[in-house]
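In our numbering, the protein residues as written are 1 to 125.
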């Protein structure tokens, strides 16, 4: 039996958090949710995760700033974790912008949960 994969969801919308949790928990992923980039860094300092779903527009620290901070962490395992952007502002960014920030992929809002699940599976299989 494979170990449960841990996904950190960074999203300031409770509705999106709950829908995402329901979709991913159905696949037996363990979900932890936080509301901003600062909380992501706090969680990462105490726990290991297999993937981060990162909203780009969050209060306190946005997803780009947070991803840049994660990629600069001295812990190689944590600095290399796959990070998938969740954004409604994808037109403001190119895939190159996301790659430069250290993001592995993105899923646009409104979320297509089949695509979200397929993207998560791509990085966790």
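Idealized CB from N, CA, C, for every residue including glycine.
- Here residue 29 has 4, 5, 6, 7, 120, 124 as same chain residues with Cβ atoms under 8 Å from its own Cβ, once five neighbours each way along the sequence are excluded.
- Taking all protein chains shown into account, residue 60 has fewer than 16 neighbouring C-beta atoms within 10 Å of its C-beta and is therefore exposed.
- Per DSSP, residue 123 is one residue of the alpha helix (DSSP H) stretching across 113 to 124.
- Minimum Cα-Cα distance from residue 57 among the listed residues 13, 111, 42 corresponds to 13.
- Counting every other CB atom within 10 Å of its CB across the protein chains shown gives residue 101 a total of 16 or more, marking it as buried.
- According to DSSP, residue 19 shares a beta bridge with no other residue.
- Between residue 64 and the set 50, 41, 46, 48, the nearest pair of CA atoms involves 41.
- By the neighbour-count criterion, in which 16 or more other beta carbons inside 10 Å mark a residue as buried, residue 36 falls on the buried side.
- A direct Cα-Cα distance of roughly 7 Å separates residue 86 from residue 53.
- Selection 94, 43, 38 evaluated against residue 32 yields 43 as nearest (Cα-Cα).
- Collapsing the DSSP output to three states places residue 24 in a helix.
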